[in-house]
Amino acid sequence: MNCGEVRERLSEYLDGELAPLERSELASHIERCPSCASELQAIEKTVELVNSLPRLSAPPELARELKRKISTSTAVFTRRVFALAGAAAVILIALVLLFNLLTEGEPPVSEVRRVATGSESATPDALLARAELEKKLAESDKTPLLADALLKEEEQEKLEKLADSSGIDRRAKEFPGFAGQGTQTVERARRAGATSAEVVEKEIAITTSDLKGTLDKIDSFLAQISPEEGLAQWKITRQVSEDGAITLMIDCATETRYQQLVEKVSRLKASLDSRAPDQAEPVAGAKSAEDLAKDKEAESRGIARALKEEKAKDKILEPEGAEVPPALAAEPAEERRRAEQLAGEPPQEAQKAGLPQRVQKKLAKEGAAGQSQMALQKAQEQAVTAGGVQKEEEKEEVPERYIVRVKLIVVDTK
Amino acid sequence: MTDVEATIGGQEEIETVQDFDAIVHKYQDRIFNTVSRLVSNREDALDVTQEVFLKAYKAMRGFRSCASVYTWLYRIAVNTALSHRRTPAHRAASRMLSLSESPDLDERGARREPENPNPGTGKLVARREIQQRVQNAILSLDNELRSVVVLRDIEGLGYAEIAKVLRLPAGTVKSRLHRGRLMLRDKLLDLIGAEGKK
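Top to bottom, those sequences are chains A and B.
Take the first sequence: its letters are residues 166 to 579, numbered as in my numbering.
Take the second sequence: its letters are residues 14 to 211, numbered as in my numbering.
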């Protein structure tokens, strides 16, 4: 090593950033070479001088001023949003009315009013997206429940930011078990004492680059499954989780609906995984053997992770006018307690159980009749009064809950 | 503003205003100190530090951070400080400051960490002069050298961390740091000699 090479590396040497071998080479050169040694000393002194500058602390007015500015900027932002949203609402109303006039259709007055009143806190983009979804739903005679559930303005903002953020790719890659496929399925059933509800949950993770398209599909499944009642019968809640995924929790109320939805969403997942989202239109009907095998495999992969995620104790939102079994009716404390009970159960038990025998028995009993849970309960109550009921069924005062969690991992394909 | 729009999501959770307050509380001194060494007076340092946290606040809401928060904050701080244009009022203030007979660091640096309690007055003045010289020497460096020197020799960040903050290859960080130090050495040669004699 000559002097030039050594001098180039003196800073690294000083900072201990050299590999051991290089370091010892440099050290032995410096020992022999007074001029390199004095160069090193000069740099060392320089660093000491810079380092000797006193550390300055932020003056107290910084935090004060910051608080003031943040509250001011929030107020200005809110005012602007109100103004923009108001303008957007007016334009939308005008457009919808014009559209209806041109097509001579009956103006969907209630929908227009919804958009207008909803504008108070919504961003214009969220409004437009909501209006678009609502319009679609109105055309097909469905309640705009899903649109409501999905497009609360705050969440919309998050989704937009998430979609824009380049970080999404990385988050998706870091997502445990994602490994490019992004499919995880887990089914679990648990029982927390005789008086608590059975919870049958299935989580289906879908990786998608077309969030809106996927949501539309799910939307149409929900409508297909309960055409007579429409979307209002579904209790849907959603959550944006820390890894950037959007999870829809869909309370199916009945086992039949649950089975149907699981099947349809699984097929949607499979079609998106095979990267042919447009061709694979999911069809109602029996699941292919291949799909079942896929599900099983994914289940074994995903179950451990899904069990870890149990901390998420999300309340199911009760839609207005929906029939709610008494045990599930809004009683947060009771529900929380039950959720805690459920979460407190040792995970191994649930893992072993899969679908508990009781649920399987029930499945066999119900068959493909597709009875609603309420009807089933009524039937049981009648049976109780008639005195001809089995002991096992007497314990079932609380109905099962069937929840499908659809986790949408949005991937930026750009 | 590309620094603010950068990826976020990860270690520290920043979801609420309370979280943000905690972040400000935790990092304000470090950011203020860094910024103070990158801009030429206290008013600018205050303005820039506020701007840094405001930018962070706008980008943080509803998110969880990614790479560590401080890497991200340092990045915003360096970019904001280096692109900061001094206002005419600040220019006047700093001119007044530079004209003053003995530059008073209190004017520049707000509260300071407790120093040697009873240094002799002459020594104190001498030390302040030295500090002023060093600060001026740092400010005279080009932006790209200054940011690396400040992050390393004032903030004590490792080479890899600096590379992350400035989004530079490790080799570039090494060479800029070394060049920056050599330039400082040349500007402070007399002080180095004096120190060496002690």
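We put the beta carbon where it would ideally sit given N, CA and C, even for glycine.
Inset, instruction - Please check the pair F33 of chain B and Y70 of chain B, which I expect to be a contact at CB under 8 Å, by giving their CB distance rounded to whole angstroms. - result: 6 Å
Inset, instruction - State yes or no: is the C-beta of I167 of chain B within less than 9 Å of the C-beta of R50 of chain B? - result: yes
Inset, instruction - Flag this pair as yes or no: are the beta carbons of Q41 of chain B and L218 of chain A separated by less than 9 Å? - result: no
Inset, instruction - Pull up the DSSP beta-bridge partners for Q404 of chain A, would you. - result: A:T412
Legend entry - CB contact below 9 Å: Y70 of chain B versus chain A: yes
Inset, instruction - Give a yes or no on whether the minimum CB-CB distance between I89 of chain B and chain A is below 9 Å. - result: no
Inset, instruction - Can you pull the chain A residues whose beta carbon is under 8 Å from the beta carbon of H97 of chain B, in chain order? - result: Neighbours of H97 of chain B on chain A: none; closest Cβ ~16 Å, over 8 Å.
Inset, instruction - Give a single yes or no on whether L158 of chain B has its beta carbon closer than 8 Å to a heavy atom of the ligand ATP. - result: The ligand ATP is absent from the structure shown, which contains no ligands of any kind.
Legend entry - Cβ shell of V448 of chain A (< 7 Å), same chain only, five flanking positions each side left out: Low confidence applies here, because V448 of chain A scores a pLDDT of 40, under 50, leaving its location unreliable; read the following figure in that light. For V448 of chain A, where only same-chain residues beyond five positions count, there are no Cβ hits under 7 Å.
Legend entry - Assigned secondary structure, A259 of chain A (DSSP; H/G/I helix, E/B strand, else coil): helix
Legend entry - Assigned exposure category for L216 of chain A - 16 Cβ within 10 Å defines buried: Note on identity: in this sequence residue 216 of chain A is Asn, with Leu being the wrong assignment. Label assigned to N216 of chain A: exposed.
Inset, instruction - Please look up how many angstroms separate the CB atoms of V569 of chain A and K367 of chain A, rounded, as I've assumed it's under 8 Å. - result: 5 Å
Inset, instruction - Give me the Cα-Cα distance between R233 of chain A and V147 of chain B, rounded to the nearest whole angstrom. - result: 35 Å
Legend entry - Pairwise C-alpha distance: F66 of chain B and R198 of chain B: 34 Å
Legend entry - Sequence-distant residues of its chain with Cβ nearer than 7 Å to R165 of chain B (five each side left out): I175 and L190
Inset, instruction - Would you identify the three-state DSSP class for T419 of chain A, choosing helix, strand or coil? - result: coil
Legend entry - Beta-carbon proximity check, S391 of chain A vs V576 of chain A, cutoff 9 Å: no
Inset, instruction - Compare the C-beta of S153 of chain B against all C-beta atoms of chain A and say whether one is closer than 9 Å. - result: no
Legend entry - Limits of the beta strand (DSSP E) - the one that L573 of chain A falls within: R566 to V575
Inset, instruction - Enumerate in chain order the residues of its own chain whose CB-to-CB distance from I205 of chain B is below 7 Å, with the five nearest sequence positions on each side excluded. - result: R198
Inset, instruction - May I have the straight-line CA-CA distance separating T134 of chain B from E142 of chain B, to the nearest angstrom? - result: 12 Å
Inset, instruction - Mind reading off the beta-carbon distance from I151 of chain B to V163 of chain B? Whole number of angstroms is fine, and I expect it under 8 Å. - result: 7 Å
Inset, instruction - Given a cut-off of 9 Å, decide if L380 of chain A and A388 of chain A are closer than it, judged by their beta-carbon atoms. - result: no
Inset, instruction - Taking only the alpha-carbon atoms, compute the straight-line gap between V430 of chain A and L413 of chain A and give it to the nearest angstrom. - result: 12 Å
Inset, instruction - Identify each residue in the region 222-237 of chain A for which the Cβ-Cβ distance to at least one residue of chain B is less than 9 Å, and report them in chain order. - result: S222, A223, P224, P225, E226, L227, A228, E230, L231, K232, K234 and I235
Inset, instruction - Specify the secondary structure class of W399 of chain A as computed by DSSP and reduced to three states. - result: coil
Inset, instruction - In angstroms with no decimal places, state the Cα-to-Cα distance between K434 of chain A and I369 of chain A. - result: 8 Å
Legend entry - Reduced DSSP secondary structure (H/G/I, E/B, other) of D155 of chain B: coil
Legend entry - Interface flag, K187 of chain B vs chain A, CB-CB below 9 Å: yes
Legend entry - Selection from B:P182, B:K200, B:Q144 and B:V186 that minimises the alpha carbon distance to S276 of chain B: For chain B, the structure presents residues 14 to 211; residue 276 of chain B sits outside this window and is missing.
Inset, instruction - Using a Cβ cut-off of 8 Å, pull out every chain A residue sitting near V162 of chain B, in sequence order please. - result: V215
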